[in-house]
Structure formats: C-alpha cells, structure tokens
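Here is the structure we will look at, set down as structure tokens.
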Amino acid sequence: MPRLPRGVPVARHRVQEAMRSWGEPDERVETAALVVTELVANAVEHTAGRRIRCRLLRTSGRVRVCVWNRGRRHVPELPGPRDPEPHGDPADGLYGSEGPGPVAFDGPHGTGDGFSLASVAEDGRGLMLVDALATRWGTRTSVSGRLVWADV
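So this is what it looks like as structure tokens:
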C-alpha cells in the first residue's frame, strides 16, 4: 500500500477481513486491528519510502502482524528498560530487537514506578499500546528498511 494516511484504515480492514475468514476469535481480530493501525501509522509518519507492506503470519495459537517499509527516518523510542530476556525464534527469521515488556499503569498520568505519561512526547505512545496489546513484539532493521512485528 502507499505510504499515505489513507493506508492506515485499509490495512486495519484487511487484517480484520483476513482474520475473520480464518475463524480467529473476535478479541484477537480487534487486537490485531489496533496493532496494525499503530504500526502502519508509525510507518506513514516516520519513514521515507513510498510503500508499506503488511503481512499476517498465522501459526497455532498466534498471529504475527508484520509491517515493513523501505528507507528510514526517525523511529520513536519506547521509554523504559528493555526486557533482558532474549525473545524471538531465529527460525521465524524475524529475530531482532524486542519491545521492553508490559508497562503497568496505575492512573491516568503514570505508572507505579514513578514514570509519568505526561513526560513522554507523542512519539512512542503508539508503541506503548502495541507493547500492551501484543504478547511480544520487535523490530528488524536492514540496509533496505525496517520490519516491525507483533504477536497477538
């Protein structure tokens, strides 16, 4: 799809359509739709390529949402420490950087560890949502572009 804002709802609709045709539970369908919305919106906002590719990989008990784009500009950083435990399966061919793990919120403006959402720029909040919704997620960067994936 073209790297334009109108591609975001197109990607969301295609994910919902495909997953419903597979008979995936409604909760997983809607979770994947939110995740692909955030990942495609990030690609539209933060990359320089002309096109974005989305792909769903279905395995027993999970669906992996993949968003790939050529070229790079600024990619927002997710605040907080990274999970030191290695994740990903080299056999997936998607082993790379992993999101930091769940962020626990204790109120409308922060978390129990003193972290305040008010202190975070708007960049990165979509990735915080992906982090909260996905069982795991990560990135893989190459000379030709970036792949961001999330398991739901």
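Residue numbering for the sequence shown follows our numbering, starting at 25 and increasing by one per position. Here a beta-carbon is modelled for each residue, glycine too, at the ideal position from N, C-alpha and C. The structure presented is a predicted model; accordingly, all values stated were derived computationally and were not measured.
Thinking just about the alpha-carbon of each residue, which of Gly162, Arg74, Thr55, Thr159 is nearest to the one in Met25?
As a first step, residue 25 is located in the sequence shown; it is residue number 1 there, counting from the start. Checked all of Gly162, Arg74, Thr55, Thr159; the closest Cα to Met25 is Arg74.
Sequence-distant residues of its chain with Cβ nearer than 8 Å to Leu157 (five each side left out)
Residue mapping note: residue 157 aligns to position 133 of the sequence shown, counting from 1. Taken in chain order, the residues that qualify are Thr55, Leu58, Val59, Ala174, Val176.
Quick one: measure Cβ to Cβ for Ser168 and Arg94, integer angstroms, because I've assumed they're closer than 8 Å.
If you number the sequence shown from 1, residue 168 lands on position 144. If you number the sequence shown from 1, residue 94 lands on position 70. With a Cβ gap of about 6 Å, Ser168 and Arg94 count as contacting.
Could you please give me the residues that DSSP links to Asn93 through a beta bridge?
Counted from its first residue, the sequence shown places residue 93 at position 69. For Asn93, which the question treats as bridged, DSSP gives the partners Ile76, Arg170.
Cα-Cα separation between Gly31 and Val154, rounded to whole angstroms:
As a working note, residue 31 is residue 7 in the sequence shown. As a working note, residue 154 is residue 130 in the sequence shown. Each residue's Cα considered, the two are about 18 Å apart.
For Thr55 and chain D, any beta-carbon pair shorter than 8 Å?
Absent from the structure: chain D. Only one protein chain is present.
Proximal residues to Arg27 (C-beta, below 8 Å), its chain only, five neighbours per side dropped:
What you label residue 27 is simply residue 3 of the sequence shown in a count that begins at 1. Excluding positions up to five away in sequence, the list reads Ala67, Val68, Thr71, Gly73, Arg74, Arg75, Ile76, Asn93.
Look at Val39 and Leu81 and say whether their C-beta atoms are less than 8 Å apart.
Residue mapping note: residue 39 aligns to position 15 of the sequence shown, counting from 1. Residue mapping note: residue 81 aligns to position 57 of the sequence shown, counting from 1. No, the pair does not count as a contact, with Cβ atoms beyond the cut-off.
Is the beta carbon of Ala42 closer than 8 Å to that of Val64?
Working through the sequence shown from its first residue, we reach residue 64 at position 40. Working through the sequence shown from its first residue, we reach residue 42 at position 18. Result no, Cβ atoms of Val64 and Ala42 do not sit closer than 8 Å.
Ignore the nearest five residues each way along the sequence and tell me which others in Glu48's own chain have a CB closer than 6 Å to its CB.
Here residue 48 refers to the residue found at position 24 of the sequence shown. The answer is none, since no qualifying residue turns up.
Using three-state DSSP, classify Arg36 as helix, strand or coil.
Position 12 of the sequence shown, counted from the first residue, corresponds to residue 36. Reduced to three states, the DSSP call for Arg36 is helix.
Please report how far the alpha carbon of Arg164 lies from the alpha carbon of Arg170, in whole angstroms.
The count along the sequence shown starts at 1 and reaches residue 164 at position 140. The count along the sequence shown starts at 1 and reaches residue 170 at position 146. About 6 Å.
Can you have a look at Glu62 and say buried or exposed, based on whether 16 or more other CB atoms are within 10 angstroms of its CB?
Taking the sequence shown and counting its residues from 1, the one referred to as residue 62 is at position 38. With 16 or more Cβ atoms within 10 Å of its Cβ, Glu62 is classed as buried.
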